[in-house]
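Chains as they are written, first to last, in my numbering: chain V, 312 to 887; chain U, 312 to 887.
C-beta atoms are modelled at their ideal positions from N, C-alpha and C, and glycine is treated no differently.
For clarity, every value in this text was computed on a predicted model and none was experimentally measured.
Structure first, then comments.
The following block contains the structure:
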C-alpha cells in the first residue's frame, strides 16, 4: 500500500510535467516575427516574414505575432504562386504572407502597418482552414492608381496639377503615362471626378473611359494639359485615374474554410481589398477599407472592397467600414459557365467567358448544377456532375450522371447549386465609393441589418446575368432592416436606378421570369434627395413596410424619372 | 517422347502467336491523327490533336502519324502550361503538341502544314526523351510582326504602304498600332529596313528602337505617314516592325534527352524557331527557318532561328537553312546568376538578372559550379552544390559542399560547369537574317564545317558576359573549316566587327583574361567586301591558316576601320 502523501507527490509531479510539456508545446506554437527581423533587413522585412512563415509550417505553429509599427516589404524575396482570382487579374504573383495549406493559424498584429513597395499581394489564403488575421494595416508606398487636382476646365482640355511624389507621371509619346509602373500595368482604364471637399465621387460624375492613352502636354510646375473632348469637370475637384489592372488584391481567400479577419485596414490595394472564392465561413469583423490616414488620397482600394464568388457556409461583414474604394462594397454571387457544345447523351463543353473568371475551376464530381437559359435566366434543368476534364483555363468538359434532355442548347449557362452562403451584413458603414453598395446574389438567407449607406449608386442591388458578367444570382430570402440609406444615388445614372434595385440581365420572357424571390425591406430610414426608392423587375414576393422616408435637399436631383416605386413583371408586391 | 512434326507445329503456333502479339503491339503503338479528325472540326483540328496525344500517352504509342496537307489550329482547345523559356517570354501558354513527359515517340508528318491562328506554341517537349519530329511546317495566319513598303522618305516622316490583309494596322491615339493582336502584345520593339530585291536587311541598315508607339496619321488607301525623326530609309524597300514579345517559340525543348527534329520548316514564330534548355543530345537535320513560300513576307521567325542554353551531350545542326529570322542563327551558351549575397561560410543568394532568364532553374545537388568575376570574367573558384532553395523565379539560395573563400564578392556571377554540349554545325545555309550568325559559347568541342554564311553581322561570334546578358561562354576547342563566308557584315555596325569576332563583355583586367581558347579557322573561303576578317581579344591560341580570301565589290564598305586582323590581349596567335 502506498501512503497518501506519496500519491499526492506523484500527482503533483505528473501535473507539473504535463503542465511543462503543455507550456513547451504552447510556446513552440507561437512564433514572433520580431525574432526574425535583424537590423540589416529593416528596409525589407520580407526575408523575415518568409522565414517565420516557413517555421510556422515546419513547427505547425498556431500563432504568428507581428510587432507593432511599420514594416516595409519589397517583392524581391516574396513567395511566388500563379493565382487565378475571380474578378481580378490572374498571374504569377509575389506574395508576402502565403498561408497556402496552413491550418489553425492566427496572424496576430498589434497595429502593425505593412507598407508595401511594388507588386506584392499582402495575404494569400489558399486551401487554408481555421485562419484568424487580426490587427494589420496594408498600404503601398506608390499607389497603383493616380490622382490630380483639376485646375482649369475648357471644352477641349482639362488642366491638372499632380503631387509628383505621390503620383509620378510623365508625358510619353504625347500621352499621359504614370511612371514607376511596370510595362503593361501603368495603364489607367477609367477617369472619375471626386468632390474634394466631400471626398466622394462628384455629384452626377460619370465614368470616362480611357485605354491608358489620353493625349496631354506638360505645362511645367507639375501641371498637365489633358485633351479629353467634352469632359465635364469642376476646378478644385480631384480627378482619379483608375488602376488598369487588378493584379494585387490585398487578401485572396481561395478554397478555404473558417476565416476570420478582424481589426484590419486596407488603405490601398491594386485590385480588390478582400476577395473570397470557393470558401466556406468567411467573416470580416471591424475591418476598414479606407484611404490611408495622413495622406491626401481620395481613393482606398482600386476595385471592390469585398467580393465573394461560389462561397458557402456563411459570409459575415460585421462592424466594417468600406469607403472610397473604386468599386462596389461587396458582390456575392455564383459563376455561370457558358455551354459551347452539347455532346449527347451526357456531356457538356463549357466555357468561362469573362476574362477575370478564367481558371475559376469549381465543378466537382457529385456537385449539383443547374442549366439556365442565358437570355431569360429561366431554369432549364438540374443535373449532377460525374466527371470533370479541364481543357484549359477557359474550357472544361463536364460529364453528367444522367442523360441531358433535348431542351439544352449551346449558349445556355450552367452554375452550381450545391451550396450558397448565408449572408449577414451588419453594423457596417458603406460610403463615398465608386458605383454601388451591396450586390446580393446568394440563394441562402441574406440579412442586411443596421448599416449606414451613402453611396453614389444603388446601395442594394440584385444583379445576375448569363451574357456579360456571367454571375449567378437569384435571391430567395432577403431581409433588409434597420439600415440608414443617406442620400444615395448621387453619382452616375449608370450605377443603379433606385435605392433598392434589380439590375439583372434578363433579355427575354421577362413576363415569366421571377429570378429573385422573397425580399423584405422594413424598418429602414431613407434620407433621399433622389425620389426613386425601389425599382425592381422579375421578383416574386417583395415586402416594403414600416420604413421612414425623409426627403432632403442635400443634392440636386437632375434625372428625368421621378417614380418612387417601380415594379414590373413581379408578383406578390406589398409596398406600404 | 514427342514426334518431330508435333514439335514443329508447336513452334509454328508459338511463333504465330508471338508474331500476332508483336504485330498487335506494333499496331497499337502507332496512332493516326486522321482517325481523330471528323468533318465538323475541319476549321480547328486542335481537339483531334489533343485526343490523339492523350491516346499516345494512354497507350504509350511510339508514333503519331500526321496527314499531309494543311491543318488549321486555334488556341481554344489547346493544352495549357506555364513555361519559363530562356531568352523568350515566360507565360501561361497554349500548346498544340504538348509532349511533356513523353518518351520514345515519333511525330511523323508527311509534308504536314500546321497553320496556326492566334497565340499557340506549336510544340513543347518538356522532360521528353527520345523524340523524333519529322516532316512538319509551321506558319501563322496572321504574323506577330508587321511589314510595310516604304513609299516616300522625308526628313521628318516616312510614308508606308501596308498589305492590310496580311498586316492589319490602325492609328490609335495618334500612334501606329497593329490590330488583331491582344493587348500588351501588339507592340513592336524595333524597326529594321529590308532590301526588297535582295530580301535581306538593307545595306548598313540599323535598328530603330520603338516602344510600340510611333506617331502616325492614316493617309488612306492603306498608306500611313509615320513620324520618326531622322530615320534613314529607301523607297521601295520593306520596313519590318519587330514583334514586341517572344511568347511563342515554335519548338520549346526543355529538360529533354535525345531529340531529333528533321525535315521541318518554321515559316513563322512569335519568338525563336527552336529553343532548347537544359537538354542533352539535340539535333536539327534538314530543318528550315524561312519565310512562308507563296506569301510576300521578308521575315521568318521573329527572333533567333535556334538557341541552346545549359545544354549538354551534343547539339547538331546539319543541312539546315536559317534565313530571314529577326535575330541570330544560333546562340549556344550557359547562364550566369549574379551573387547578390554571400552568407559565409557556404551559402550564396543568387539572382537570375535578365528578365528572359527568370525561372531558369538549373542548379542541382552535386552540380559543379564556377564563381567568376563579373567584370573581368576571371575564374575565382570552383564549388559543388549541396542544396538549392528556390525563393522565386528571380532568386535562389545555394548551399555549397565546402566553405567559400574570402575572395567571393557580391556582384560576382556563378554558372554550372558540369556539362557542355559538343557542337556540330555542318552543311547549313545561314543568310539574310537580322544580326549575327553563330554565337558560340560551349566549352566542349565545337565543329563548324561546310556551311554557307551571308549574314549582315559577324557570322562567327564569341560572346559571354556577366553584366548584361549573363551568358556563360569561354570556348575551349573550336574548329571552323570548309565554310564559305560570302559578303558578311553588310548590316548594322553594331552586329559585329569582323567575320570572326569576339564580343565578350570583359570590362577590366583584359590584359590578363584569356576567356576563349583554342580556335582554329582553316580551309574556309572568305568572299568579302568588308576588309575586317578577324577581330578578337582575350583569346589564348588562335590559328588562321589555309583560308582563301577573295575581295568583292558586291557591297560598298562604308565603315572607318579597315584592318583585316585585330588581335588584342591574346596569346599564341598564328595567322597565315
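Using only the alpha-carbon positions, how far apart do residue i and residue j sit?
i, j, result
"residue 785 of chain V", "residue 442 of chain U", "53 Å"
"residue 496 of chain U", "residue 607 of chain V", "Per-residue confidence for residue 496 of chain U stands at a pLDDT of 43, beneath the threshold of 50, marking its modelled position as unreliable; no derived number is given."
"residue 366 of chain U", "residue 635 of chain V", "54 Å"
"residue 374 of chain V", "residue 348 of chain V", "17 Å"
"residue 353 of chain U", "residue 382 of chain U", "8 Å"
"residue 767 of chain U", "residue 504 of chain V", "54 Å"
"residue 878 of chain V", "residue 805 of chain V", "19 Å"
"residue 573 of chain U", "residue 445 of chain U", "5 Å"
"residue 541 of chain V", "residue 455 of chain V", "26 Å"
"residue 333 of chain V", "residue 340 of chain V", "Any reading at residue 333 of chain V must be qualified, since the residue scores a pLDDT of 46, below 50, and its modelled position is unreliable; the value itself is stated next. Spanning the two alpha carbons is a distance of roughly 10 Å."
"residue 743 of chain U", "residue 577 of chain U", "15 Å"
"residue 708 of chain V", "residue 683 of chain V", "17 Å"
"residue 494 of chain V", "residue 834 of chain V", "Any answer about residue 494 of chain V is weak, because its pLDDT of 43 lies below 50 and its placement is not dependable; what the coordinates show is given next. Rounded to the nearest angstrom, the two C-alpha atoms are 51 Å apart."
"residue 438 of chain U", "residue 623 of chain V", "40 Å"
"residue 472 of chain U", "residue 604 of chain U", "21 Å"
"residue 547 of chain U", "residue 509 of chain U", "12 Å"
"residue 335 of chain V", "residue 371 of chain V", "Confidence at residue 335 of chain V is low in this model, with a pLDDT of 47, below 50, so its placement is unreliable and no value can be given for it."
"residue 618 of chain U", "residue 799 of chain U", "21 Å"
"residue 337 of chain U", "residue 415 of chain V", "Unreliable placement is indicated for residue 337 of chain U, whose pLDDT of 49 sits below 50; the coordinate value is still reported in the next sentence. Their backbone Cα atoms lie some 55 Å apart in a straight line."
Measure from the alpha carbon of residue i to the alpha carbon of each residue in the options, then state which is nearest.
i, options, result
"residue 827 of chain V", "V/810, V/776, V/872 and V/860", "V/776"
"residue 406 of chain V", "V/564, V/538 and V/462", "V/564"
"residue 423 of chain U", "U/619, U/356 and U/737", "U/356"
"residue 436 of chain U", "U/411, U/430 and U/448", "U/411"
"residue 830 of chain V", "V/841, V/851, V/820 and V/738", "V/851"
"residue 467 of chain V", "V/458, V/767 and V/544", "V/544"
"residue 432 of chain U", "U/439, U/445, U/438 and U/451", "U/451"
"residue 669 of chain U", "U/404, U/592, U/399 and U/475", "U/399"
"residue 750 of chain U", "U/765, U/774, U/727 and U/731", "U/774"
"residue 857 of chain U", "U/864, U/886, U/475 and U/882", "U/886"
"residue 425 of chain U", "U/733, U/413 and U/447", "U/447"
"residue 847 of chain V", "V/837, V/539 and V/807", "V/807"
"residue 527 of chain V", "V/481, V/555, V/502 and V/727", "V/481"
Check the Cβ-Cβ distances between residue i and every residue of chain U, and say whether any is below 8 Å.
i, result
"residue 581 of chain V", "no"
"residue 485 of chain V", "yes"
"residue 657 of chain V", "no"
"residue 702 of chain V", "yes"
"residue 391 of chain V", "yes"
"residue 387 of chain V", "yes"
"residue 706 of chain V", "yes"
"residue 526 of chain V", "yes"
Can you give me the start and stop residues for the beta strand (DSSP E) that residue i sits inside?
i, result
"residue 357 of chain V", "First-last for residue 357 of chain V: 357-370, but that is the alpha helix (DSSP H), not the beta strand (DSSP E)."
"residue 618 of chain V", "617-620"
"residue 433 of chain V", "432-437"
"residue 344 of chain U", "No beta strand (DSSP E) contains residue 344 of chain U, which DSSP labels as neither H nor E."
"residue 892 of chain V", "With chain V represented from 312 up to 887, any question about residue 892 of chain V goes unanswered, as that position is not in the structure."
"residue 470 of chain V", "468-472"
Beta-carbon of residue i versus every beta-carbon of chain V: anything under 8 Å?
i, result
"residue 355 of chain U", "no"
"residue 913 of chain U", "This structure cannot speak to residue 913 of chain U, because chain U is shown only from 312 to 887."
"residue 359 of chain U", "no"
"residue 649 of chain U", "no"
Consider the C-beta atom of residue i and the heavy atoms of the ligand FAD; say whether any pair is separated by less than 7 Å.
i, result
"residue 829 of chain U", "This structure does not include the ligand FAD; it has no bound ligands of any sort."
Taking 8 Å as the CB-CB limit, is residue i close to chain B?
i, result
"residue 351 of chain V", "Protein chains in the displayed structure are V and U, and chain B is not among them."
Continuous beta strand (DSSP E) assignments of at least 3 residues falling wholly in the stretch 636-720 of chain U: Assignment of beta strand (DSSP E) within the stretch 636-720 of chain U, counting only whole runs of 3 or more residues, yields 641-646, 648-654, 658-662, 679-683, 690-701 and 706-711 in chain order.
What are the start and end residues of each continuous beta strand (DSSP E) run of 3 or more residues lying completely inside the stretch 786-848 of chain V, in chain order? DSSP runs (the beta strand (DSSP E)) wholly in the stretch 786-848 of chain V: 789-792, 795-797, 811-813, 827-833, 836-839 and 845-848.
In chain order, each alpha helix (DSSP H) run of at least 4 residues that lies wholly inside the stretch 514-550 of chain U: Runs of the alpha helix (DSSP H) inside the stretch 514-550 of chain U: none found.
Give, in chain order, every unbroken run of the beta strand (DSSP E) that is at least 3 residues long and sits entirely within the stretch 376-423 of chain V. If only complete runs of 3 or more residues are kept, the stretch 376-423 of chain V shows the beta strand (DSSP E) at 380-384, 390-394 and 402-409, in order along the chain.
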